[in-house]
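Asker: Structure incoming, see below.
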Ligand SMILES: [Cu+2]
């Protein structure tokens with residue numbers, strides 16, 4: 019009896035002490051029906067695909083909403099041995115840059131292609147922050163189709179945000195740098211020589227192919243995030259920037275001096291006209307453009323050598339600066355296109371700007387007396403619709419539910435705050451666990467949000483999951499926002515560090531999924547069109563193996579006559595024409611990775627045997643009851659060996 | 002002895018193929034397709050996918066016709082069309098010969114020799130375009146599966162390809 023009381027008392031003390039070091043309300047109130055709202059019964063599908071940035075993993079992850087189930091990790095900027103991405107000969111060019119192959123990047127933001135201001139389910143664009151790149155993922159194959167490097171850039175953070183018909187995807191630099199044409203300057207000349215370039219990348223409507231249409235040269239601020247206008251503000255783009263102090267050292271102090279930084283408003287239709295009129299300057303640069311061809315199953319990397327730059331210091335009517343307190347992160351445009359919400363991460367309020375007032379201020383020239391870097395600065399009050407007072411600490415990013423409400427993440431106070439866009443009143447707040455970055459409402463950046471769920475992507479998860487050493491799971495949290503009050507439904511782990519994400523109703527892309535690659539359309543130069551064509555060909559010290567795979571064997575499965583130091587290319591064609599029957603290929607001692615070959619596809623593994631011996635090779639993807647039998651041998655002889663190439667062809671493979 | 006068993010079974014079962022682990026589903030392999038959701042597939046031989054419940058119900062299954070879009074009315078045979086058979090031969094080289102020989106010898110799946118005498122033309126076309134549901138229902142195919150242990154893959158043959166392959170099988174069986 020006593021001991022029971024003691025235990026209860028101790029539990030109470032423990033519970034209190036845990037609670038006391040968390041944000042308020044941590045022992046979250048989960049209402050009784052939360053589980054049923056996220057439960058997707060076996061064999062049934064989620065309502066939404068959620069594309070979530072994989073942060074410093076360099077990849078894009080795909081989750082089902084509302085279950086939070088991980089469906090797929092799509093390799094983008096980082097090599098991935100599971101899929102052979104960046105290891106097989108066909109995908110190596112995708113990771114090429116002007117610096118050579120860069121097998122990693124830091125993927126922050128996610129933008130779906132749009133038509134008329136709504137996600138159309140064709141492509142997903144993502145940014146590489148470190149070695150500035152943009153990638154396009156094809157939503158028929160869930161594969162990276164294109165990667166474009168960016169010149170004159172030092173950190174592609176303010177990216178990839180798009181216009182309402184994906185006319186352009188923008189990529190603006192977080193770290194201002196000197197231009198690529200004249201890069202060797204003293205760092206102390208930051209203020210005069212370092213510039214912030216904004217790339218407008220056009221997207222072909224049919225193929226999705228990206229092209230750096232033009233760049234805008236801006237003062238050396240740090241661009242953070244961006245949003246295109248929509249509806250009435252279509253034709254405009256808004257970029258948040260900090261470090262208007264133009265500091266280049268101890269930024270945590272020196273870039274936080276001013277009371278207000280800026281949102282840069284760009285009239286991109288006007289910029290387009292100027293470019294057409296030849297007002298840009300052509301500049302010699304070097305950046306890679308990598309494309310994956312789905313008929314040859316092969317990527318090509320080409321170097322681009324020119325870019326057209328328009329200097330904002332010498333233009334009229336394109337660029338305006340709106341003062342915004344204080345180190346703004348998000349600058350998010352509501353579904354109507356009228357309101358631009360600035361989120362100063364060091365500010366104690368949320369400023370809401372009006373597009374109509376902005377136009378009026380420009381027409382009436384309500385500018386500050388001094389320009390900044392040659393760009394007019396609009397008077398704060400002239401563009402301001404109003405301020406949300408005391409919303410919380412550290413506002414970062416705002417999404418919309420399409421019902422007149424905005425939801426802003428509060429990094430410092432670890433909460434989501436719901437407020438009304440018209441009267442700017444705070445309506446509700448819900449804790450997050452902990453240090454929330456971006457929020458996501460499906461369609462929350464478009465003209466027509468699906469205002470049923472909200473997901474918070476958090477930086478810290480202490481005490482939310484079973485501990486796993488010093489590093490804990492990254493996390494997302496799902497809220498029901500269909501009622502007046504937000505309700506926490508689910509925590510689920512994510513990869514990398516999640517930044518932004520977007521989601522689309524499953525129905526819009528589920529039925530477009532490719533199931534196989536048609537073997538008859540396979541134009542790979544080393545395709546093997548059936549087992550009778552399988553062969554091994556020596557060309558000098560290169561050995562080309564034309565190999566086929568099908569449940570449950572390779573042809574050939576025994577090869578002799580290979581010598582130490584040969585460059586052996588296994589060109590494996592998967593003869594299957596059935597959904598979800600990839601075959602793998604691995605060989606002992608290969609110092610890259612494996613192949614994972616989709617039905618109807620050909621892929622190549624390069625292998626340089628380093629010693630004499632018998633090398634087993636096998637299928638790595640369990641494919642049938644006889645999967646274990648899907649294997650073979652390569653005999654490697656000494657360098658000077660005169661043993662001719664031999665192999666067993668299909669004519670000899672019959673089991674007697 | 003062994004050879005005669007194989008011959009007998011292949012005469013009974015006929016066919017082509019193979020498969021795997023049967024409806025019991027004792028493995029977790031991905032080749033057990035019968036639990037899939039209704040597909041919106043681009044399979045050229047488009048036809049409603051059998052529902053999982055009906056798959057196990059042999060009473061609705063006609064072992065002479067098989068299951069699929071083909072029947073006596075839409076598969077008509079004439080004198081051997083050598084041009085069609087040639088096309089079928091080329092398709093088979095890419096999509097079928099990995100597992101089937103043209104003799105009566107088993108490779109991964111049974112040899113093709115004699116199949117057009119043992120099975121109706123529309124059964125053959127249904128099976129090669131719609132293997133999964135049939136493997137799950139056809140008693141002879143299930144017996145064959147116990148021998149081969151690999152389910153015949155759906156090789157996504159379109160109607161014309163399937164018809165050409167049938168003609169090639171007839172040529173292989175020396176139909177004139
Ligand atoms: Cu395999």
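Chains as they are written, first to last, in my numbering: chain A, 19 to 674; chain B, 2 to 177.
Every residue, glycine too, gets a C-beta built ideally from N, C-alpha and C.
Chain B partners of residue 566/A, CB-CB under 9 Å?
Answerer: Mapped onto the first chain, residue 566/A falls at position 548. Going along chain B in sequence order, the residues near residue 566/A (Cβ under 9 Å) are 99.
Asker: Can residue 618/A be considered in contact with ligand 1, in the sense that its beta carbon sits closer than 8 Å to one or more heavy atoms?
Answerer: Working through the first chain from its first residue, we reach residue 618/A at position 600. Residue 618/A: no, Cβ never under 8 Å from ligand 1.
Asker: With 16 as the cutoff for other CB atoms within 10 Å, does residue 57/A come out buried or exposed?
Answerer: Position 39 of the first chain, counting from 1, holds the residue named residue 57/A. Answer is exposed; the Cβ neighbour count stays below 16.
Asker: When you check each C-beta in the stretch 593–606 of chain A against every C-beta of chain B, which residues fall closer than 7 Å?
Answerer: Against chain B - using a Cβ distance shorter than 7 Å - the residues of the stretch 593–606 of chain A are 593, 594, 595, 596, 598 and 599.
Asker: Any beta carbon from chain B within less than 9 Å of residue 630/A's own beta carbon?
Answerer: Here residue 630/A refers to the residue found at position 612 when the first chain is read from its first residue. Chain B contact via Cβ: absent.
Asker: Mapping DSSP to helix, strand and coil, what is residue 124/B?
Answerer: To locate residue 124/B, count along the second chain from 1; it is residue 123. Of the three classes helix, strand and coil, the one that applies to residue 124/B here is helix, per DSSP.
Asker: Which two residues bound the contiguous alpha helix (DSSP H) that contains residue 55/A?
Answerer: Start at 1 with the first residue of the first chain, and residue 55/A comes out as number 37. Per DSSP, residue 55/A belongs to the alpha helix (DSSP H) from 52–56.
Asker: Mapping DSSP to helix, strand and coil, what is residue 576/A?
Answerer: Sequence index remark: in the first chain, residue 576/A carries index 558 (1-based). In this structure, residue 576/A counts as strand in the three-state DSSP scheme.
Asker: Using a Cβ-Cβ cutoff of less than 6 Å, which residues in the same chain neighbour residue 112/B once the five nearest sequence positions on both sides are dropped?
Answerer: Against the second chain, residue 112/B aligns to sequence position 111. 102, 104, 105 and 106.
Asker: Identify the continuous beta strand (DSSP E) that holds residue 112/A and give its terminal residues.
Answerer: Numbered from 1 along the first chain, position 94 holds the residue referred to as residue 112/A. Here residue 112/A belongs to no beta strand (DSSP E), and DSSP marks it neither H nor E.
Asker: Tell me whether the beta-carbon of residue 127/B lies closer than 9 Å to the beta-carbon of residue 66/B.
Answerer: Looking up residue 127/B in the second chain gives position 126. Looking up residue 66/B in the second chain gives position 65. The answer is yes: Cβ separation under 9 Å.
Asker: Using only Cβ atoms and a threshold of 5 Å, which residues come within that distance of a heavy atom of ligand 1? Order them by chain position.
Answerer: 601/A, 637/A, 641/A and 648/A
Asker: Residues of the stretch 131–153 of chain B with a CB closer than 8 Å to any CB of chain A: list them in chain order, please.
Answerer: 150, 151 and 152
Asker: Can the beta-carbon of residue 326/A be found less than 9 Å from the beta-carbon of residue 287/A?
Answerer: For the purposes of this step, residue 326/A is identified with residue 308 of the first chain, where counting begins at 1. For the purposes of this step, residue 287/A is identified with residue 269 of the first chain, where counting begins at 1. No, the pair does not count as a contact, with Cβ atoms beyond the cut-off.
Asker: What does residue 94/B reach in chain A if we use C-beta pairs closer than 9 Å?
Answerer: On the second chain, residue 94/B is found 93 positions in, with the first residue counted as 1. Chain A residues near residue 94/B: 547, 548, 549, 550 and 551.
Asker: Please go through the same chain and pick out, in chain order, the residues whose beta-carbon is closer than 7 Å to the beta-carbon of residue 302/A, but skip the five residues on each side of it.
Answerer: Taking the first chain and counting its residues from 1, the one referred to as residue 302/A is at position 284. Taken in chain order, the residues that qualify are 199, 323 and 324.
Asker: How close, in whole Å, do the beta carbons of residue 508/A and residue 84/A come, if the pair is a contact with beta carbons under 8 Å?
Answerer: In the first chain, residue 508/A corresponds to position 490, counting from 1. In the first chain, residue 84/A corresponds to position 66, counting from 1. Right, the Cβ-Cβ distance comes to about 7 Å (below 8 Å), so this counts as a contact.
Asker: With a 10 Å radius around its C-beta and 16 neighbouring C-beta atoms as the bar for buried, classify residue 52/B as buried or exposed.
Answerer: Position 51 of the second chain, counted from the first residue, corresponds to residue 52/B. Only weak support is given to the placement of residue 52/B: the predicted model assigns it a pLDDT of 44, under 50, and the value that follows is read from those uncertain coordinates. With fewer than 16 Cβ atoms within 10 Å of its Cβ, residue 52/B is classed as exposed.
Asker: In this structure, how does DSSP classify residue 136/A when only helix, strand and coil are distinguished?
Answerer: Working through the first chain from its first residue, we reach residue 136/A at position 118. In the structure shown, residue 136/A sits in a strand (DSSP, three-state: E or B).
Asker: Is residue 664/A buried or exposed, if buried means 16 or more other CB atoms sit within 10 Å of its CB?
Answerer: Position 646 of the first chain, counted from the start, is the residue given in the question as residue 664/A. Counting Cβ neighbours within 10 Å, residue 664/A comes out exposed, since fewer than 16 surround it.
Asker: When the Cα atoms are used, what is the spatial distance from residue 348/A to residue 156/B?
Answerer: Reading the first chain from its first residue, position 330 is the one you call residue 348/A. Reading the second chain from its first residue, position 155 is the one you call residue 156/B. Each residue's Cα considered, the two are about 50 Å apart.
Asker: Below 7 Å CB to CB, which residues in the same chain sit around residue 551/A once its five sequence neighbours on both sides are set aside?
Answerer: For the purposes of this step, residue 551/A is identified with residue 533 of the first chain, where counting begins at 1. Excluding sequence neighbours, residue 551/A sits near 564.
Asker: What runs of the beta strand (DSSP E), each 3 residues or longer, lie entirely inside the stretch 606–637 of chain A?
Answerer: 613–615, 620–625 and 631–636
Asker: Assuming residue 153/A contacts residue 164/A under a Cβ cut-off of 8 Å, what Cβ separation, rounded to an integer in Å, is found between them?
Answerer: One-based indexing of the first chain puts residue 153/A at position 135. One-based indexing of the first chain puts residue 164/A at position 146. About 7 Å separates the CB atoms of residue 153/A and residue 164/A; that is less than 8 Å, so the two are in contact.
Asker: So, at 7 Å on beta carbons, what are the nonlocal neighbours of residue 660/A in its own chain, with the 5 sequence-adjacent residues on each side left out?
Answerer: Here the question's residue 660/A lines up with position 642 in the first chain. Result list for residue 660/A: empty, nothing under 7 Å.
Asker: If we ignore side chains and look at the alpha-carbon of each, how far apart do residue 73/B and residue 566/A end up?
Answerer: Your numbering for residue 73/B matches position 72 in the second chain. Your numbering for residue 566/A matches position 548 in the first chain. In a straight line, the C-alpha of residue 73/B is about 36 Å away from that of residue 566/A.
Asker: On a Cα-Cα basis, can you pick out the residue from 608/A, 178/A, 204/A and 297/A that is closest to residue 246/A?
Answerer: Locating residue 246/A in the first chain gives position 228, counting from the first residue. Closest option to residue 246/A, Cα to Cα, is 178/A.
Asker: Nearest chain B C-beta to residue 524/A closer than 9 Å, yes or no?
Answerer: Taking the first chain and counting its residues from 1, one reaches residue 524/A at position 506. No, no contact with chain B.
Asker: Using a 10 Å radius around the Cβ and a threshold of 16 neighbouring Cβ atoms, would you call residue 658/A buried or exposed?
Answerer: To locate residue 658/A, count along the first chain from 1; it is residue 640. When all chains shown are included, residue 658/A counts as exposed.
Asker: Can you tell me whether residue 523/A is helix, strand or coil according to DSSP?
Answerer: The count along the first chain starts at 1 and reaches residue 523/A at position 505. If DSSP states are grouped into helix, strand and coil, residue 523/A belongs with the strands.
Asker: Within its chain, find whatever has a CB closer than 8 Å to the CB of residue 192/A; leave out the 5 residues flanking it on each side and keep chain order.
Answerer: Residue numbering aside, residue 192/A sits at position 174 when the first chain is read from its first letter. So the list reads 147, 172, 173, 174, 175, 176, 240, 241 and 242, once near-sequence residues are dropped.
Asker: So does the stretch 371–381 of chain A actually touch the stretch 305–320 of chain A, counting three or more Cβ pairs closer than 8 Å?
Answerer: no
Asker: Among the residues of its own chain, which have a CB less than 8 Å from the CB of residue 151/A, if the five just before and after it don't count?
Answerer: Here residue 151/A is taken as the residue at index 133 of the first chain, counted from 1. The answer, listed in chain order, is 95, 115, 123, 145, 165, 166, 167, 168 and 174.
Asker: Identify, in the order they occur along the chain, each residue of the same chain with its Cβ nearer than 6 Å to the Cβ of residue 197/A, setting aside the five sequence neighbours on each side.
Answerer: Taking the first residue of the first chain as 1, we reach residue 197/A at position 179. Excluding sequence neighbours, residue 197/A sits near 170.
Asker: In chain order, what residues of the same chain have a beta carbon less than 8 Å from the beta carbon of residue 414/A, not counting five sequence neighbours either side?
Answerer: Working through the first chain from its first residue, we reach residue 414/A at position 396. 347, 348, 361, 363, 426, 427, 428, 429, 454, 455 and 456, listed in sequence order.
Asker: Please list the segments of the alpha helix (DSSP H) lying wholly inside the stretch 93–122 of chain B, counting only runs of 4 or more residues, in order along the chain.
Answerer: Taking only runs of at least 4 residues, the alpha helix (DSSP H) segments lying wholly in the stretch 93–122 of chain B are 116–119.
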